[in-house]
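Okay, so the sequence shown: first residue is 113 according to the working numbering, each after it adds one. No residue lacks a Cβ here, since even glycine has one placed at the ideal position from N, Cα and C. Values in this document were obtained by computation on a predicted structure and should not be read as measured data. Comments concern the structure below.
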Amino acid sequence: MNDNLTPMMRQYREMKGELPKDVILLFRLGDFYEMFFEDAKFAAPILDVVLTKRTEIPMCGIPYHAVENYLPLLLKAGLKVAIAEQMEDPRFAKGIVKRKITRVITPGTVTDSCILSPGKNNFLAALSFDKGIYGLASLDISTGDFRTTEFEKSEELETELHRLHASECLLPSSLHTEWKEKNSQPRVSGNIMWTPLDDWIFATDTAMDLLKRHFKVASLDGFGCRTMNTGVSAAGAILHYAKENLRHEAGHIRFLKTYSSSQYMVLDSISQRNLELVDPMPGGKKEATLLHVLDNTATPMGSRLLREWLVRPLNNRDAIIARLDAVSAFKDDPATLAELMEIINSVRDLERIIARLNIGSANARDMAALTKSLESIPDIKNLLKGFDIPLLCEIRGKLHELPELVSEISKTIADEPPAVLNEGGIIREGCNSELDELRRAATEGKNWIAELQAKEQSRTGIKSLKIRFNNVFGYYIELSKSNAANAPSDYIRKQTLVNGERFITPELKEMESKILGAEDKSKALEYEIFQKLRENAMSFTSQILETASSLAMTDVIASFAECARKHNYCRPQILEDETLEIIAGRHPVLDSTMKEARFVPNDTTLDGDQNRIMIITGPNMAGKSTYIRQVALLVLLAQTGSYIPSQSAKIGLVDRIFTRVGAVDDISRGQSTFMVEMLETANILNHATKKSLVILDEIGRGTSTFDGISIAWAVAEYLHDAPTAKARTLFATHYHELTELALTCKGVKNYNVAVKEYGEQIVFLRQIVPGATDRSYGIHVAKLAGLPKAVITRANEILENLENNAIAEAGQPALAEHHEKKKEKKEKGKKTKQPTLFDWSQKNNT
113 MNDNLTPMMR QYREMKGELP KDVILLFRLG DFYEMFFEDA KFAAPILDVV
163 LTKRTEIPMC GIPYHAVENY LPLLLKAGLK VAIAEQMEDP RFAKGIVKRK
213 ITRVITPGTV TDSCILSPGK NNFLAALSFD KGIYGLASLD ISTGDFRTTE
263 FEKSEELETE LHRLHASECL LPSSLHTEWK EKNSQPRVSG NIMWTPLDDW
313 IFATDTAMDL LKRHFKVASL DGFGCRTMNT GVSAAGAILH YAKENLRHEA
363 GHIRFLKTYS SSQYMVLDSI SQRNLELVDP MPGGKKEATL LHVLDNTATP
413 MGSRLLREWL VRPLNNRDAI IARLDAVSAF KDDPATLAEL MEIINSVRDL
463 ERIIARLNIG SANARDMAAL TKSLESIPDI KNLLKGFDIP LLCEIRGKLH
513 ELPELVSEIS KTIADEPPAV LNEGGIIREG CNSELDELRR AATEGKNWIA
563 ELQAKEQSRT GIKSLKIRFN NVFGYYIELS KSNAANAPSD YIRKQTLVNG
613 ERFITPELKE MESKILGAED KSKALEYEIF QKLRENAMSF TSQILETASS
663 LAMTDVIASF AECARKHNYC RPQILEDETL EIIAGRHPVL DSTMKEARFV
713 PNDTTLDGDQ NRIMIITGPN MAGKSTYIRQ VALLVLLAQT GSYIPSQSAK
763 IGLVDRIFTR VGAVDDISRG QSTFMVEMLE TANILNHATK KSLVILDEIG
813 RGTSTFDGIS IAWAVAEYLH DAPTAKARTL FATHYHELTE LALTCKGVKN
863 YNVAVKEYGE QIVFLRQIVP GATDRSYGIH VAKLAGLPKA VITRANEILE
913 NLENNAIAEA GQPALAEHHE KKKEKKEKGK KTKQPTLFDW SQKNNT
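Listed below in structure tokens is the structure:
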């Protein structure tokens, strides 16, 4: 088929043949990116553009200047996109225009700011598996954040994948095939793209060689990778894929961080979802998340770091106290805090700016933003000088002012440069004498054009005569249809239009050559000056990245301090034992979002001995679920290094937070709601330790009453007695029978949610008080929900029958008896009424 194609289409075919089949090729043709053949058929409906034909070849296109509006649509559809750019000006091309694939964009390799969320990392993940060990690496190409770790259990892998919220995950083809056959792929929330690669890419030796070449080191021991073969394997695969798609050196990837899950509190995917830390439940609003309450950050880097801290609470007392000390220092000095936050507000996204500089996609606006950000560093350092706090001193020492770079950029880049590099106007006047001369020549030429237009209008007597310009004809004289016949004899007709005609003259073309020559030379020189400036800025990559990291930390600490100040939070005491004592604790999200009512605070007392398990009973809607989630959130918040909404708090370190607070069917795996509930409960019982915090809500409700009570009782008993468990536990339940556990288990204490009754009306007091309750008030809640009056009346009848153990005349339980009918029968049979089994039993019991 290639024999019948034009040279340009053959060029397209060759480029398309270099790419994997799942990649759409955007082929630059003048002012458009074109797609052909199957790509066009597939992409046209996704992009909502017209599918046309050129010599029977399907095609569609998008304007090159609007490509950033269309890229997200292709990526969201699960596609990868290759960009083929023109490498020379078509006006000067000899033969076919030279083109080159400059980058391949996948969900995990996006660097375009128009696609990325400013406050959220975009991670590319890679995993490997060998000898029972999982290696997991992650890279945010847009910031250079590169990490690797290892796990022994698939559950740990799943937890970390959920925490990363990666857009794309690489894995060996053999592992991908095995997972598909066994339907054992990790369950991860979000739209993650699984990308299988050839197994050789994950070979440890291949990965190690690539990493050493990239970091220019003889050994990876300095990164802590000495014994991490699978972690290195995953990291090497991720770097290979990143470079292959960027088609550029990634100089901003300067470090490979290794970490262990033991450094952080473990939050499995279920707990992350149930607690709504950074993402709301499906259908929920972002206002329901803990992130929304705490995010007073001023920079994108700070917002991304805050998100990370919330899903990675610390598990080291000293590290937590170091953060708390910094937060206290800012909170206790509100004037400095306000000034600091105002200055930080002028800082731009340094991490992504330096990344774009290193991969060649930065523009002059990025350079101007870099300068503006660096100009704020001296003031920030000066403010931090007043704090003798170890963490703040460490941060201050890693803020680099770089005055030479700031001065050079300020002298070079125009005040308000355009976004496009090759259109001129990016370099400041007076920066380069040659450039100034070329600009002067172009300006004088344009003035000459204006004077020529006035002269020709006078010579011809045609006041509507205009001299215009376009990229096809250059400069031309345009006359209306009615005046075209009066054109002078030296005018050369160039084009006839419906409403007029276009002409040129030798004099006009000669000046056009001078003007365009000067403009082309000035644009080329501007680009050359910018590239030299870019190279210079890149030489400071390490210092800028360290500065960005320190600014992000300062931003988050300031955000914590502002939240504590604004919402009256207290500093928690962090202990090494199993103490959990919170006085007047408040739910951080509801406390900040409830506008019409005051949130009711509650106390919590748990320890590793006499107060190990709280059994919490009470009505529906009374606040049991809110309370137990509240406790989990306060513990988590304290271990991120933040103040918490309470009057006071003593919190013994928690290694894991488990939550079992609701389940849904897992249709994809053929699992019912009850099975999902039991799997989640099994995970808790198999992994909880005495340092864990367990949150249980309505265990056993997905089956029969007796089965449910039996399971719930056994679960609570196990958490109390098992030597490996003994976790601090909050157990909310409707099974009032569980309150009897306190009679046999010394570490179980009963609590209930207080209710005030006014006749048939009830008021939920939202107060957790000691003691058990045996009433659920379910029918009252149903009434509040608006169930028809007839249903409420009938429900009360049935409840009364159940509570009285009523027996019908036939000797069966009178569950379905109607009270009105019973009254009628009673009236009719007063004289002949026969004793029932219920009457007989009552008589014999008295």
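DSSP state of Y999 mapped onto helix, strand, coil: Since the first and last residues shown for the chain are 113 and 958, residue 999 lies out of range.
query: For the alpha helix (DSSP H) that E913 lies in, which residues bound it at each end?
result: Strictly speaking, residue 913 in this sequence is Asn, with Glu absent from that position. Run containing N913: K901 to E915, per the alpha helix (DSSP H) assignment.
- prompt: Between which two residues does the alpha helix (DSSP H) harbouring L791 extend?
  reply: T785 to H799
- prompt: Nearest CA to the CA of G509: which residue from V518, L495 and P446?
  reply: L495
message: If you measure between the beta carbons of A696 and Q655, is that distance less than 8 Å?
response: no
message: Taking the beta strand (DSSP E) that I695 belongs to, which residues open and close that run?
response: L692 to G697
- prompt: Who are the near neighbours of D777 in its chain, counting only those whose CB is closer than 8 Å to its CB and skipping five residues on each side?
  reply: For D777, the pLDDT reaches just 41, beneath the cut-off of 50, and the residue's location in the model is therefore unreliable, although a value from the coordinates is still provided. So the list reads Q783, S784, T785 and V788, once near-sequence residues are dropped.
message: Could you tell me the alpha carbon to alpha carbon distance between L577 and A599, rounded to whole angstroms?
response: 10 Å
- prompt: Does the separation of the CB atoms of L805 and A824 fall below 8 Å?
  reply: no
query: Between S671 and V405, which are expected to be in contact by the criterion C-beta below 8 Å, what is the C-beta distance as a whole number of angstroms?
result: Not a contact, Cβ separation roughly 11 Å.
- prompt: To the nearest angstrom, how far is it from the Cα of D689 to the Cα of S822?
  reply: 32 Å
- request: Please go through the same chain and pick out, in chain order, the residues whose beta-carbon is closer than 6 Å to the beta-carbon of I616, but skip the five residues on each side of it.
  value: Within the same chain, I616 has close Cβ partners Y588, I604 and K606.
- prompt: Should H177 be labelled buried (16 or more other beta-carbon atoms within 10 Å of its own) or exposed?
  reply: exposed
query: DSSP puts W306 in a beta bridge; with which residues?
result: C281
field: Residues that A844 bridges to, as DSSP identifies them
entry: I728 and D809
field: Collapsed DSSP secondary structure at Q384 in the structure displayed
entry: helix
message: Between the alpha carbons of S254 and K861, how many angstroms are there, rounded?
response: S254 and K861: Cα-Cα distance of roughly 51 Å.
- prompt: Which residue or residues does DSSP assign as beta-bridge partners of V216?
  reply: A194
- request: Go ahead and label F314 buried or exposed: buried means 16 or more other beta carbons lie within 10 angstroms of its beta carbon, across all protein chains shown.
  value: buried
message: So, for D242: in the same chain, excluding its five sequence neighbours on each side, which residues have a beta-carbon less than 6 Å away from its beta-carbon?
response: T342
field: For R720, three-class secondary structure by DSSP
entry: With the sequence shown as reference, residue 720 is identified as Gly, and Arg is not the correct amino acid for it. Coil.
field: Beta-bridge partners of I539, as assigned by DSSP
entry: I525
message: Runs of 4 residues minimum, wholly inside the region 423–507: which ones carry the alpha helix (DSSP H) assignment?
response: 429–443, 446–456, 462–471, 476–487 and 489–496
message: 8 Å is my cut-off, CB to CB: does F585 come that close to chain C?
response: Protein chains in the displayed structure number just one, and chain C is not present.
- prompt: Using the rule of at least 16 other Cβ atoms within 10 Å of the residue's Cβ for burial, across every protein chain shown, is L436 buried or exposed?
  reply: Answer is buried; the Cβ neighbour count reaches 16.
task: Please go through the same chain and pick out, in chain order, the residues whose beta-carbon is closer than 7 Å to the beta-carbon of A750, but skip the five residues on each side of it.
output: P684, I686, I756, A761 and I763
- prompt: On the three-state DSSP scale, how would you describe G142?
  reply: coil
task: May I ask you to report which of helix, strand or coil DSSP gives K133?
output: coil
message: Check whether the region 213–224 and the region 175–189 are in contact - that is, three or more C-beta pairs closer than 8 Å.
response: The region 213–224 vs the region 175–189: in contact.
message: Taking its Cβ as the centre, do 16 or more other Cβ atoms sit within 10 Å of P982, making it buried, or is it exposed?
response: The question about residue 982 has no answer, for the chain in this structure spans 113 to 958.
query: Residues in its own chain within less than 6 Å of R781 by CB, not counting five upstream and five downstream?
result: With a pLDDT of 48 at R781, under the threshold of 50, the predicted position of this residue should be treated as unreliable, though the coordinate-derived value follows. None.
query: Whose C-beta lies closer than 8 Å to the C-beta of W952 among residues of the same chain, with five residues either side of it excluded?
result: Unreliable placement is indicated for W952, whose pLDDT of 35 sits below 50; no coordinate value is reported for it.
query: If we call anything under 8 Å between Cβ atoms a contact, is N470 one with G542?
result: Taking the C-beta atoms as reference points, G542 is found no nearer than 8 Å to N470.
query: Taking the alpha-carbon positions, what's the F139 to M479 distance?
result: Roughly 29 Å between the two C-alpha positions.
message: Among the candidates C505, A597 and V584, whose CA atom is the shortest distance from the CA of G573?
response: Of the listed residues, the one whose Cα sits closest to G573 is A597.
Segment contact flag, the region 285–297 with the region 319–339, C-beta cutoff 8 Å, min 3 pairs: In this structure the region 285–297 does not lie against the region 319–339, because fewer than three pairs of beta carbons, one per stretch, are closer than 8 Å.
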